[in-house]
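Enquirer: Position one of the sequence shown corresponds to residue 1 (UniProt numbering), numbered consecutively onward.
We treat Cβ as the ideally placed atom computed from N, Cα and C, and that holds for glycine.
Submitted below is the structure of interest, expressed as structure tokens.
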Amino acid sequence: MLRSFSIALLSVLGVAALLYAAVLALLWFGQERLLFYPQPLAADARIVADPDVREHFVEVPGARVSVLQLKLPNPKGVVFFLHGNGGNLAGWFTNTEFYRRANFDLVMMDYRGYGKSTGRIEGEAQLRGDAMAVWNRFAGEYEGRRLVVYGRSLGTALAADLSAELAAQGRVPDLTVLVSPYTSMAALADEHYPWVPRFVLRYGLDTRHYLEGVRGPVLLVHGDRDELINAHHSERLAKALPRAKLVVVKGAGHNDLHQFEPYREELARALRAL
């Protein structure tokens, strides 16, 4: 009887192990569906009805990346904005009046598969390379002017990486802004999916590591009611980079932070100071 029980137990454990392995395999090969939520747009769709906004396409290996640029007559500088993991430029490129008042151009890209951008996201190195390629397309227009690299949510790791890469090339951004950042995608996955081993995650997106190479001022902004990326991520980033300024906005969550006046006031103050 004991032998029969042992065999049955081993069989159950074996089946459980196979199912677990199958789930991990699905996560390995299909994690883009968990991380990225693109909303494509028709090629002829009009994204923004603003005469000061120009539409561009930047060629990257295997794809064309859609970019919008708020182009002012004599801007103080440019905010290069890397958005979050959902939607497209139609939903993100909506606050042009704020940047117009600050006298800053705004340049924002859609990741592959988002909006009018072609192709699909296949890896972190590809994402980082696309961000650099898009910046290089516009860099010549802003020589001698202020540069702000801004990342929101998913885009915060990409922004930190871009800022660090530019600093290494001798073009130190005047300000790096990270709104609702995470210390790393691995750390965030540990909180939401503690049963998933880290080796399964193909997107490390290690914001804390990238920040080690960032030079110049850093502004961190987080809502204290953010349930997707807890504010302790910003607190840990601020502790790792003591010169960073941390602003925690009371009552703000993950998706509504930009609607809170303290956030807008802090960003406007930072842009005025440049």
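To the nearest angstrom, how far is it from the Cα of L89 to the Cα of G115?
Expert: Distance between L89 and G115, taken at the CA atoms: about 6 Å.
Enquirer: Tell whether a beta-carbon distance below 8 Å holds between L158 and R202.
Expert: No. Outside cutoff.
Enquirer: By Cβ distance below 7 Å, which residues in the same chain neighbour L205 in space, the five residues on each side in sequence not counted?
Expert: E124, A157, S184 and M185
Enquirer: Considering residue 320, what are the terminal residues of the beta strand (DSSP E) in which it resides?
Expert: The structure shown does not extend to residue 320, since the chain is modelled only from 1 through 274, so no value can be given for it.
Enquirer: Straight-line CA distance for R54 to L70?
Expert: Between R54 and L70, the C-alpha separation is close to 6 Å.
Enquirer: Can you tell me the Cα-Cα spacing of L10 and Y37, whole angstroms?
Expert: A caution first: L10 carries a pLDDT of 48, below 50, which makes its placement in the model unreliable, though a value can still be read off. Using only the alpha carbons, I get a separation of about 40 Å.
Enquirer: Pop quiz: L154 and G213 are said to be a contact at Cβ under 8 Å. What is the actual Cβ separation, rounded to whole angstroms?
Expert: The Cβ separation is near 20 Å, so there is no contact.
Enquirer: Could you check where the alpha helix (DSSP H) with Y263 kicks off and where it finishes?
Expert: E261 to R272
Enquirer: Output the boundary residues of the beta strand (DSSP E) element that contains E59.
Expert: V53 to V60
Enquirer: For residue 275, list the residues DSSP reports as bridge partners.
Expert: Absent from the structure is residue 275, since the part of the chain shown begins at 1 and ends at 274.
Enquirer: Give me the Cα-Cα distance between Q39 and G113, rounded to the nearest whole angstrom.
Expert: 8 Å
Enquirer: Please specify which runs of the alpha helix (DSSP H), each continuous and at least 4 residues long, are wholly inside the segment 167 to 224, giving them in chain order.
Expert: 185 to 192 and 207 to 211
Enquirer: Please state if the CB of V48 and the CB of V134 are separated by a distance shorter than 8 Å.
Expert: Not a contact, by the Cβ cut-off of 8 Å.
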